[in-house]
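Taken in sequence, the protein lines are chains A and B. Here the first sequence is numbered in our numbering, starting from 2 and rising by one per residue. Here the second sequence is numbered in our numbering, starting from 70 and rising by one per residue. We treat Cβ as the ideally placed atom computed from N, Cα and C, and that holds for glycine. For clarity, every value in this text was computed on a predicted model and none was experimentally measured.
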Amino acid sequence: MKNRLKEIASGLGSLVTGMRLTLAQFFKKDVTVQYPHQALEMPPRFRGHIELVLDEDTGRAACIACKLCEKACPSECIAVEGVKPEGGGKKMVTEYQLDFTRCSLCAACVEACKSEAIRFSREYNLAGRSKEDFHLDLLRRLEEQSKEHAARTPPADAGEAQP
Amino acid sequence: MSLPEPFRLLAFLVGLMGFVALNAAYLVWVERKTAGRIQRRPGPTEVGWAGLLQPVADGLKLLSKQFIVPPGADALLFRLAPLLVIAPGLMGLALMPFGESLLALDVNLGLLMVFAFGSINVLALMVGGWASRNKYAIISAARVVSQDIAYEIPMLLAALTLMMVAGTLNLSEIVALQEGPFWRWNLFRLDLNPLMPLTFLIFYTCMLAETNRAPFDMAEAESELVAGAFTEYAGMGFGVFFMAEYANIVLGCSLMTVLFLGGWQSPFGAYSGVWWFLLKLYFLVFSVIWVRWTFPRTQFYNLLNLSWEILIPFSLFTLILTAAMMKVM
């Protein structure tokens, strides 16, 4: 009988502890991020689809169309074309197609690249209505990005950045 | 303000229906906000400022849905159950003395009447579960009956203790007897019964169980019974069951306010009025929501054991103690 009463009393005590705990949480700040209104910054090692790196000096893609990434890719989702510019110099990339539907984000291409011309983007807002939406033209994406970047920076800087 | 008799009652009836509907709608909002806060998230925010129009959106959605009677169901009983389930909340609140003169019906046996109508709730859930012809609904109906019968006993014993203390079943008289500062409230009348807070706790627990609220929501344990007795209900049929749940919470909490917390009486002995009633009522309602988002659901046999092994002996003990103290003092 005495044990039973003790049990009931300790049970009641634990209930009070629980109530106190939830009330303490009630007055604390929210931890959730209201996604469409707010968004988290992706960490540096986040793996989105790959993207081309801009060469700051030339204002073009740093890619030299050596096709090492194309060969390294186990899913065969990269297609690169390039031309040698007239008057010598490095080869220039003219087309860089990524079929993201087959990509498994294994990083073989990023590791294979000798000129550090590709990296993982931090793009995570990926939604499309058809498969073709994920056949990405990375060269065009890079051009658009550098245009946007130029539009955002002051005109004095923009003059320098444009070739 | 006194209207002639049939109109006064009609005004009260319309007012109470509005009160119940408003409470049902906005307690859902309060519940969702509280649940959010306790889980460190903001709760509804999208519809209206701070999600204040969410209940309206939910209501419109429910109204636009078809009321479907499943094949093989008992059509008459199936349609009757939502009407029955909202009745005890409305009837009970009609008997509640919200203020000194704000009272729809002053009945001599008010307390008895509240409990009598309160039992219809069980009947309604049973009828709804039975008529649905759905295995979840039937299991839920069986659970509701055994649970509510088990908890009605300690609840009535606790109410009996209060009745002995007050010497009357008239709810407004019970409140009037608690006039004065807060130590005159029944909850703190330790001179009449040193176990009064325990009686309060027993009554509170029983109220949670009677209204089928978590942690005693075995009747609608979502993970096992889908939506329990109202699994088969669509549209406003379901909406009425939902409203009835909140109406019953409001009824239970206002009954506790009247019995233990001195109804409309102010804790300082001055400025008594309906606002004190509402303040106490919504504090209790908040605590009910708070309990729900703190404790996990009990197991069914633990639920029944709690009633038969702990609550009934303790409430009997407080009853006998009160009787003995009244005889001795």
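Residue range of the alpha helix (DSSP H) that includes residue i
i         : result
ALA90(B)  : 74 to 107
GLN123(B) : 123 to 132
PHE27(A)  : 3 to 27
VAL183(B) : 179 to 187
LEU174(B) : Per DSSP, LEU174(B) belongs to no alpha helix (DSSP H) and is neither H nor E.
LEU256(B) : Neither: LEU256(B) is in no alpha helix (DSSP H) and is coded neither H nor E.
PHE136(B) : Note, PHE136(B): premise wrong, no alpha helix (DSSP H); not H, not E.
VAL116(B) : Unbroken run through VAL116(B): none, as it is neither H nor E.
LEU229(B) : 204 to 235
MET160(B) : 144 to 164
LYS72(A)  : 69 to 73
GLU112(A) : 109 to 113
Sub-8 Å separation of residue i and residue j beta-carbons
i         : j         : result
ARG109(B) : THR23(A)  : no
CYS67(A)  : LEU99(A)  : no
ASN405(B) : LEU390(B) : Because chain B is modelled from 70 through 398, residue 405(B) falls outside the range shown and cannot be assessed.
SER209(B) : GLY321(B) : no
LEU194(B) : VAL138(B) : no
PRO284(B) : PRO223(B) : no
ALA227(B) : THR280(B) : no
GLY161(B) : PHE186(B) : yes
ILE51(A)  : VAL111(A) : yes
PHE27(A)  : PHE121(A) : no
TRP362(B) : ALA104(B) : yes
VAL196(B) : LEU146(B) : yes
LEU377(B) : ALA219(B) : It should be noted that the sequence gives Trp, not Leu, for residue 377(B). A contact, by the Cβ cut-off of 8 Å.
LEU240(B) : LEU164(B) : yes
ALA108(A) : LEU69(A)  : no
THR367(B) : THR230(B) : no
VAL188(A) : ALA62(A)  : This structure cannot speak to residue 188(A), because chain A is shown only from 2 to 164.
ILE243(B) : LEU174(B) : no
GLU301(B) : ALA142(B) : yes
LEU353(B) : THR274(B) : no
PHE399(B) : ILE271(B) : The structure shown does not extend to residue 399(B), since chain B is modelled only from 70 to 398, so the question has no answer here.
MET305(B) : LEU132(B) : yes
GLY120(B) : TRP98(B)  : yes
VAL335(B) : TRP345(B) : The sequence as given places Ser at residue 335(B); Val does not occur at that position. For SER335(B) and TRP345(B), yes; Cβs fall inside 8 Å.
ARG101(B) : GLY87(B)  : no
VAL319(B) : ASN92(B)  : yes
MET233(B) : ALA392(B) : yes
ALA80(A)  : GLU71(A)  : yes
LEU41(A)  : LEU143(A) : no
LEU72(B)  : VAL343(B) : no
MET325(B) : MET265(B) : no
SER131(A) : ARG103(A) : no
SER147(A) : GLY60(A)  : yes
SER215(B) : LEU82(B)  : no
Where the beta strand (DSSP E) through residue i begins and ends
i         : result
HIS136(A) : 136 to 138
THR95(A)  : 93 to 100
GLU82(A)  : 79 to 84
PHE121(A) : 119 to 121
PRO242(B) : Just to set this straight, residue 242(B) is Glu in the shown sequence, not Pro. Looking at the DSSP string, GLU242(B) is not in any beta strand (DSSP E); the run it does join, the alpha helix (DSSP H), is 240 to 246.
LEU53(A)  : 51 to 53
Whole-angstrom C-beta distance between residue j and residue i, which should lie under 8 Å
i         : j         : result
GLU96(A)  : GLU117(A) : The Cβ separation is near 20 Å, so there is no contact.
LEU53(A)  : LEU140(A) : 7 Å
PRO157(B) : ASN190(B) : 5 Å
SER323(B) : LEU350(B) : 5 Å
PHE337(B) : MET287(B) : Not a contact, Cβ separation roughly 41 Å.
ARG123(A) : MET43(A)  : 4 Å
ALA303(B) : GLN135(B) : 6 Å
ASN177(B) : LEU238(B) : 7 Å
GLY179(B) : GLN247(B) : 15 Å between Cβ atoms; not a contact.
GLY49(A)  : TYR125(A) : 6 Å
MET312(B) : ALA90(B)  : 7 Å
(message) My parser needs the alpha helix (DSSP H) runs of 4 or more residues fully inside the stretch 314 to 392 of chain B; what are they?
(response) At a cut-off of 4 residues, the continuous stretches assigned as alpha helix (DSSP H) that sit fully inside the stretch 314 to 392 of chain B are 343 to 361, 369 to 374.
(request) Could you tell me which uninterrupted alpha helix (DSSP H) segments, each at least 4 residues in length, are contained entirely in the stretch 262 to 297 of chain B, listed from first to last along the chain? (result) If we require 4 residues or more, the alpha helix (DSSP H) runs fully inside the stretch 262 to 297 of chain B come out as 265 to 279, 291 to 294.
(message) To be precise: take each residue of the stretch 24 to 36 of chain A, compare its Cβ to all Cβ atoms of chain C, and keep it if any distance is under 9 Å. Which residues remain?
(response) The structure shown contains no chain C; its protein chains are A and B.
(request) Pull out every residue of the stretch 269 to 285 of chain B whose Cβ sits closer than 7 Å to any Cβ of chain A, in chain order. (result) Listed in sequence order: no entries.
(request) Taking a Cβ distance cut-off of 8 Å, strictly less, list which residues of the stretch 343 to 372 of chain B are near chain A, in chain order. (result) For the stretch 343 to 372 of chain B, which is checked against every Cβ of chain A, the residues closer than 8 Å are TRP359, VAL360, TRP362, THR363, PHE364.
(message) Give me the subset of the stretch 105 to 129 of chain B whose CB atoms are less than 9 Å from a CB atom of chain A, sorted by chain position.
(response) For chain A, the residues of the stretch 105 to 129 of chain B that bring a beta carbon within less than 9 Å of one of its beta carbons are GLY105, ARG106, ILE107, GLN108, ARG109, ARG110, PRO111, THR114, in chain order.
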